[in-house]
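One structure below.
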Amino acid sequence: SSIALVIHGGAGTILKKNMTDELEQTYRAKLEESLMAGYQILENGGSSTEAVKAAIVIMENSPLFNAGKGSVFTHDGKNELDASIMASHDLSAGAVAGVSHVKNPILLADKVRTESKHVMMAREGAEEFAKEHNVELVDQKYFYTQRRWEQLQKVLKSTPQKSQLSEDEAKNSDVKNSKFG
Amino acid sequence: TVGAVALDVNGNITAGTSTGGMTNKRYGRIGDSPVIGAGTYATPLCGVSATGHGEYFIRAAVTHDICALVEYTDSNIQQAADTVIHEKLVKLGGDGGVIGLDKEGNIMMSFNTEGMYRGSIDKDGKVTIKIYK
């Protein structure tokens, strides 16, 4: 049988004119590292589930992407992470929502899939389950990055006057992508 | 948001998605990433992971819809994804994208935004990494 792997690191207002060559190379290198981590498992006969987890963990541990270490901030200046995983052979699925101390939420989602009879766990309950299954927890400070903090400050500053933003301000990707959830 | 879909030597497909959510979110809002059928889905024929404006991906049940099109129509996975991302989702007003694989290892990528960080290794071992449209 064939093996194959495909990954994404998020979609949005990503324009070449806004990217330095150095930053672009950094993104490309991390995407390749993620791909290779997963593909190596597949090449050695490992399961698609292990490959997906390996690829995603690389991106969760990078501050470049909005997941794990690079997560954006909520209105209250916290980080709340979500993840899910599903396997075709038995249609088993696991998901976690709103966790704040789980270093790699994809690993916890997979524990929900394999170690519980449930599909989704949320917030404190999910973290309690993580403790019981030895999934690595970290202090909230782990998720802090200056770039994401500044993004939140910019959005907080612009939110009350959203209707009065100039056209240029409204097109700013930080504002456009905030979606005021 | 990040995601991955893999096909292993036994023909099993797995899809996974992980996210930090959206900047400035309130009220314990949850998007599509942890919602099976919206942000992540896998069947023996098809696996999909999504990234985008979650409310719309939930309402359109995007990843399930793509796999359903593959299962119940003559659409291949790329056609199915393009139908959902460029037609159904656009009509709703949702932006974002998806990646996926079918049981033969055919790679799918589809997005209606300016860019999507993405990469793949196909069944012939060819590596592709792209960022822009």
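Residue numbers (my numbering), protein chains in the order written: chain A, 1 to 181; chain B, 1001 to 1133. Ideal Cβ positions, reconstructed from N, Cα and C, are used throughout, including at glycine.
Checklist entry - DSSP three-state call for D82 (chain A): helix, strand or coil? => result strand
Next on the checklist: Tell me the DSSP secondary structure of I1102 (chain B) in three-state form.
Outcome noted: At residue 1102 (chain B) the sequence reads Asp, which differs from the Ile that was named. Of the three classes helix, strand and coil, the one that applies to D1102 (chain B) here is strand, per DSSP.
Checklist entry - Going by the beta-carbon positions, is the gap between I1066 (chain B) and V1035 (chain B) smaller than 7 Å? => result no
Next on the checklist: Tell me the DSSP secondary structure of F1111 (chain B) in three-state form.
Outcome noted: strand
Checklist entry - According to a CB-to-CB cut-off of less than 9 Å, which residues of the region 116–149 of chain A neighbour chain B? => result V119, M120, A122, R123, F143 and R148
Checklist entry - Going by the CB atoms, is the gap between D1122 (chain B) and I1107 (chain B) shorter than 7 Å? => result yes
Next on the checklist: Cutting at 6 Å between CB atoms, please list the residues of its own chain near M120 (chain A), excluding the five before and the five after it.
Outcome noted: A95
Next on the checklist: Just to confirm the assignment, what range does the alpha helix (DSSP H) spanning G125 (chain A) have?
Outcome noted: R123 to E132
Checklist entry - What residue does the alpha helix (DSSP H) around I1066 (chain B) start on, and which one ends it? => result V1062 to Y1072
Item to check | Secondary structure of Y1027 (chain B), DSSP reduced to three states | outcome: coil
Checklist entry - Which whole-angstrom value is the C-beta distance of I1131 (chain B) and G1100 (chain B), which I expect to be below 8 Å? => result The Cβ separation is near 19 Å, so there is no contact.
Item to check | Beta-carbon proximity list for H118 (chain A), same chain, < 7 Å, skipping 5 on both sides | outcome: V112
Checklist entry - Is the Cβ-Cβ distance between R1026 (chain B) and H101 (chain A) less than 7 Å? => result no
Checklist entry - Shorter than 7 Å from the beta carbon of Y1072 (chain B) to some beta carbon of chain A? => result no
Item to check | In DSSP terms, what I7 (chain A) is bridged to | outcome: B:A1004 and B:G1119
Checklist entry - Would F1111 (chain B) count as contacting chain A if we go by Cβ distances under 7 Å? => result yes
Item to check | Whole-angstrom distance between T1051 (chain B) and E60 (chain A), CA atom to CA atom | outcome: 14 Å
Item to check | Contact belief for I14 (chain A) with E1114 (chain B) at Cβ below 8 Å, rounded distance in angstroms | outcome: 6 Å
Checklist entry - Is it the case that the Cβ atoms of V1009 (chain B) and G70 (chain A) are separated by a distance below 7 Å? => result no
Checklist entry - Exposed or buried, K193 (chain A), counting other C-beta atoms within 10 Å across all chains shown (16 or more means buried)? => result In the structure as shown, chain A begins at 1 and stops at 181. Residue 193 (chain A) is therefore absent and cannot be evaluated.
Next on the checklist: Between which residues of its own chain and I1129 (chain B) is the CB-CB distance below 7 Å, once the five residues before and five after are set aside?
Outcome noted: G1119
Checklist entry - According to the neighbour-count rule (16 or more other Cβ atoms, all chains shown, within 10 Å of its Cβ), is T1073 (chain B) buried or exposed? => result exposed
Item to check | Contact list for Q151 (chain A) against chain B, beta-carbon separation under 8 Å | outcome: T1023
Next on the checklist: Let me make sure I understand the geometry here. Which of A:L108, A:T114 and A:N79 has the alpha-carbon closest to that of E128 (chain A)?
Outcome noted: A:L108
Checklist entry - How would you label S104 (chain A), buried or exposed, when you count the other beta carbons within 10 angstroms and need 16 or more for buried? => result Strictly speaking, residue 104 (chain A) in this sequence is Asn, with Ser absent from that position. When all chains shown are included, N104 (chain A) counts as buried.
Item to check | Per-residue contacts from E80 (chain A) into chain B (C-beta, under 9 Å) | outcome: G1020, G1021, K1025, G1028, R1029 and I1030
Next on the checklist: Using C-beta distances below 7 Å, list every residue in its chain close to S163 (chain A), excluding the 5 sequence neighbours before and after it, in chain order.
Outcome noted: Only weak support exists for where S163 (chain A) lies, its pLDDT of 46 falling under 50; the value from the coordinates is given anyway. If we look at S163 (chain A) and ignore the five residues flanking it on each side, it has no Cβ neighbours.
Checklist entry - Looking only at DSSP bridge pairs, what is I1036 (chain B) linked to? => result B:T1040
Checklist entry - Residues bridged to S1018 (chain B) by DSSP? => result A:A83 and B:V1002
Item to check | Opening and closing residue of the alpha helix (DSSP H) in which Y144 (chain A) lies | outcome: Element bounds for Y144 (chain A): n/a, residue is neither H nor E.
Checklist entry - If you measure from the beta carbon of A1080 (chain B) to each beta carbon in chain A, is any gap under 7 Å? => result no
Next on the checklist: If contacts are defined as beta-carbon pairs under 8 Å, then V1062 (chain B) and V1098 (chain B) qualify, I think. What distance do you get, rounded to the angstrom?
Outcome noted: 7 Å
Checklist entry - How many angstroms separate the CA atom of V1048 (chain B) from the CA atom of G1031 (chain B)? => result 16 Å
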